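Notes to accompany the following structure.
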Ligand code: GCB
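Residue numbers (this note's numbering): 23 to 670.
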């Protein structure tokens with residue numbers, strides 16, 4: 023009686039196994055770059071956002087789509103389809119309860135006309151890029167399998183030049199099958215539970231269990247692009263920066279594909295449109311005298327200064343000269359953990375910020391510019407200088423805005439809910455390493471990213487956690503020696519097996535919420551004790567990476583009771599008293615849980631989602647938002663490096 027769930031698992035495993043086989047034996051780093059698609063004199067881009075045909079495979083074994091090969095002909099010929107917006111989660115768009123909580127394969131399809139100029143020129147390379155498909159995706163173009171990808175939050179792409187050039191002028195059919203099943207070896211992990219007691223559950227009944235506290239939204243969450251490059255092209259650009267007595271140093275490494283006889287020219291432009299440095303070749307260093315550094319928001323009167331690096335590739339081919347151009351915003355800054363401090367450009371940086379989620383009404387985790395801008399406006403209103411991408415990588419466009427506004431980021435991978443000993447096995451570890459490679463490859467050039475977080479609240483007290491985190495953190499440092507690495511712990515210092523390997527201790531706790539609930543008077547003592555115990559053992563700087571309390575908007579109670587606005591504020595204030603005692607010492611940051619209310623699985627502990635937001639899910643401020651705003655602007659005024667008066 024386990025057929026349905028087993029098949030969901032089996033289908034997933036088939037894909038993962040194929041992928042795994044392909045990956046085995048590969049060297050440390052991923053092959054190929056993952057530069058954000060952009061329009062340049064040599065590149066064009068077309069976004070495929072809008073309505074796609076959609077069909078969830080409700081068959082008992084979730085396998086009908088593969089049995090009937092839905093990718094071989096238009097999806098609507100297979101049966102009824104829905105109009106599904108992209109980007110968006112599919113869960114909240116309709117009124118169908120079954121689709122809201124659907125687990126298994128869903129199918130997306132879009133017919134697209136590729137511009138004639140792209141298909142007629144054999145010198146053009148046409149790429150299909152999917153920015154995020156949660157969780158496992160298989161892609162076909164005109165019925166031909168082009169790629170597969172595991173992991174719901176990072177981009178992947180396929181070269182589809184041959185396929186679209188084969189039928190110029192005709193519509194091309196892009197089909198994407200996506201499975202949101204989470205297993206002990208996915209990231210995040212989960213488990214499918216088969217309910218076999220026929221007196222309590224219908225036949226073939228199964229549920230997806232997870233150990234994280236957000237709704238497992240699924241679908242095409244970010245943009246799908248078609249873009250072009252010449253067939254000889256700039257495949258990757260890696261930039262690291264340093265400062266030597268006021269001179270900015272920009273180290274670069276360029277990877278070129280498909281031709282070995284090429285020339286590379288680099289120009290670094292300042293904001294006024296002046297070329298401030300020039301370079302040649304695939305690797306080198308640009309020197310910028312009296313460089314304007316990239317400073318975090320509220321740390322400098324001109325934060326977030328970005329230069330533009332223009333890379334031009336020139337290749338002599340049989341058909342003549344071909345060139346490719348790619349441009350990259352570059353922020354010159356340094357990051358270092360020294361003793362008890364987190365230094366940005368040599369100055370102590372204090373994280374006063376938030377944890378976020380990609381989450382909103384109707385769209386779920388779907389990217390939406392209006393929502394993103396609202397969030398950035400609120401962050402700046404709040405006086406927040408940082409956030410953690412709890413608990414998975416956010417959209418590339420969000421990272422670009424962080425660069426642009428000077429919002430500092432702790433970039434977290436989807437290592438959340440690692441609570442089963444099984445999830446420390448080699449198969450999980452290998453996948454975790456791959457995900458870190460994909461994350462570093464995507465986000466390495468963002469000046470706003472100052473630290474990698476490899477996990478949130480794993481069972482880091484279990485014995486296998488030591489080898490696991492030593493390996494993941496070591497691998498991440500090998501991929502990027504320029505940034506500190508951490509993971510976020512909710513264990514005790516004396517038993518934590520991962521803490522020895524991190525650069526910064528990040529701790530989550532919810533005193534007087536999940537423990538000693540209602541007892542507001544114990545918070546200060548417990549927060550202080552936690553700081554002291556962690557510091558005594560590791561002598562590393564500490565970030566209070568989560569703290570908070572639920573408040574159901576509109577609930578008031580004084581003296582404060584749980585879930586009221588007064589209680590949420592009181593909890594925050596107690597933490598603040600304790601933080602203020604330590605922040606001049608080794609505590610280097612505080613990130614509230616959470617920026618906004620967000621959706622979770624249903625449970626008796628959740629009242630239509632998690633209500634620890636200081637903003638509602640609709641981004642309206644609760645009382646705590648004003649409290650935090652006052653605090654953040656005050657801290658910014660105290661810690662500013664330059665003599666300017668900030669006004670909140
Ligand atoms: C945590 C988790 C976060 C939860 C939060 C809570 O420790 O890291 O994902 O949402 O607690 O509110 O329970």
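For each residue, glycine too, the CB sits at the ideal point set by N, CA and C.
A quick note: this is a predicted structure, and the numbers were derived from the prediction, not measured.
Residue environment, residue i, which counts as buried when at least 16 other CB atoms sit within 10 Å
{"i": "residue 241", "result": "buried"}
{"i": "residue 408", "result": "buried"}
{"i": "residue 73", "result": "exposed"}
{"i": "residue 56", "result": "buried"}
{"i": "residue 50", "result": "Note that residue 50 scores 43 on pLDDT, short of 50, meaning its location in the model is unreliable; the coordinates nonetheless yield the value given after this. Residue 50 should be labelled exposed."}
{"i": "residue 566", "result": "buried"}
{"i": "residue 317", "result": "buried"}
{"i": "residue 173", "result": "buried"}
{"i": "residue 630", "result": "exposed"}
{"i": "residue 541", "result": "exposed"}
{"i": "residue 321", "result": "buried"}
{"i": "residue 536", "result": "exposed"}
{"i": "residue 346", "result": "buried"}
{"i": "residue 144", "result": "exposed"}
{"i": "residue 269", "result": "exposed"}
{"i": "residue 244", "result": "buried"}
{"i": "residue 120", "result": "exposed"}
{"i": "residue 220", "result": "exposed"}
{"i": "residue 188", "result": "exposed"}
{"i": "residue 47", "result": "The pLDDT assigned to residue 47 is 34, lower than 50, so where the model puts this residue is not dependable; a value taken from the coordinates is nonetheless given after this. Exposed, because fewer than 16 other Cβ atoms sit within 10 Å of the Cβ of residue 47."}
{"i": "residue 43", "result": "Because residue 43 carries a pLDDT of 34, less than 50, the predicted location of this residue cannot be relied on, and no value is offered for it."}
Residue i - DSSP class collapsed to helix/strand/coil
{"i": "residue 237", "result": "coil"}
{"i": "residue 626", "result": "coil"}
{"i": "residue 294", "result": "coil"}
{"i": "residue 654", "result": "helix"}
{"i": "residue 47", "result": "Note that residue 47 scores 34 on pLDDT, short of 50, meaning its location in the model is unreliable; the coordinates nonetheless yield the value given after this. It is coil, neither helix nor strand."}
{"i": "residue 80", "result": "coil"}
{"i": "residue 68", "result": "strand"}
{"i": "residue 662", "result": "coil"}
{"i": "residue 100", "result": "coil"}
{"i": "residue 316", "result": "coil"}
{"i": "residue 205", "result": "coil"}
{"i": "residue 155", "result": "strand"}
{"i": "residue 643", "result": "strand"}
{"i": "residue 169", "result": "strand"}
{"i": "residue 583", "result": "coil"}
{"i": "residue 620", "result": "strand"}
{"i": "residue 161", "result": "strand"}
8 Å contact criterion, which residue i and residue j should meet: CB distance rounded
{"i": "residue 497", "j": "residue 207", "result": "The pair is not a contact, with the Cβ atoms about 17 Å apart (cut-off 8 Å)."}
{"i": "residue 560", "j": "residue 521", "result": "6 Å"}
{"i": "residue 275", "j": "residue 305", "result": "5 Å"}
{"i": "residue 406", "j": "residue 357", "result": "Not really, about 19 Å apart at Cβ, beyond 8 Å."}
{"i": "residue 191", "j": "residue 132", "result": "That belief does not hold up - the Cβ atoms of residue 191 and residue 132 are roughly 18 Å apart, past 8 Å."}
{"i": "residue 501", "j": "residue 458", "result": "7 Å"}
{"i": "residue 334", "j": "residue 294", "result": "Going by Cβ atoms, the distance from residue 334 to residue 294 rounds to 21 Å, so no, they are not a contact pair."}
{"i": "residue 460", "j": "residue 52", "result": "6 Å"}
In DSSP terms, what residue i is bridged to
{"i": "residue 452", "result": "DSSP lists no partner for residue 452."}
{"i": "residue 180", "result": "150"}
{"i": "residue 363", "result": "360"}
{"i": "residue 435", "result": "None, per the DSSP bridge assignment."}
{"i": "residue 349", "result": "332"}
{"i": "residue 75", "result": "105, 131"}
{"i": "residue 7", "result": "Examination of residue 7 is not possible in this model, given that the chain is present from 23 through 670 alone."}
{"i": "residue 600", "result": "According to DSSP, which records beta bridges pairwise, residue 600 is partnered with nothing at all."}
{"i": "residue 369", "result": "366"}
{"i": "residue 284", "result": "337"}
{"i": "residue 377", "result": "410"}
Proximity test, residue i beta-carbon vs the ligand GCB heavy atom, cut-off 7 Å
{"i": "residue 478", "result": "yes"}
{"i": "residue 215", "result": "no"}
{"i": "residue 634", "result": "yes"}
{"i": "residue 615", "result": "yes"}
{"i": "residue 555", "result": "no"}
{"i": "residue 512", "result": "yes"}
{"i": "residue 612", "result": "no"}
{"i": "residue 530", "result": "yes"}
{"i": "residue 568", "result": "yes"}
{"i": "residue 413", "result": "yes"}
{"i": "residue 234", "result": "yes"}
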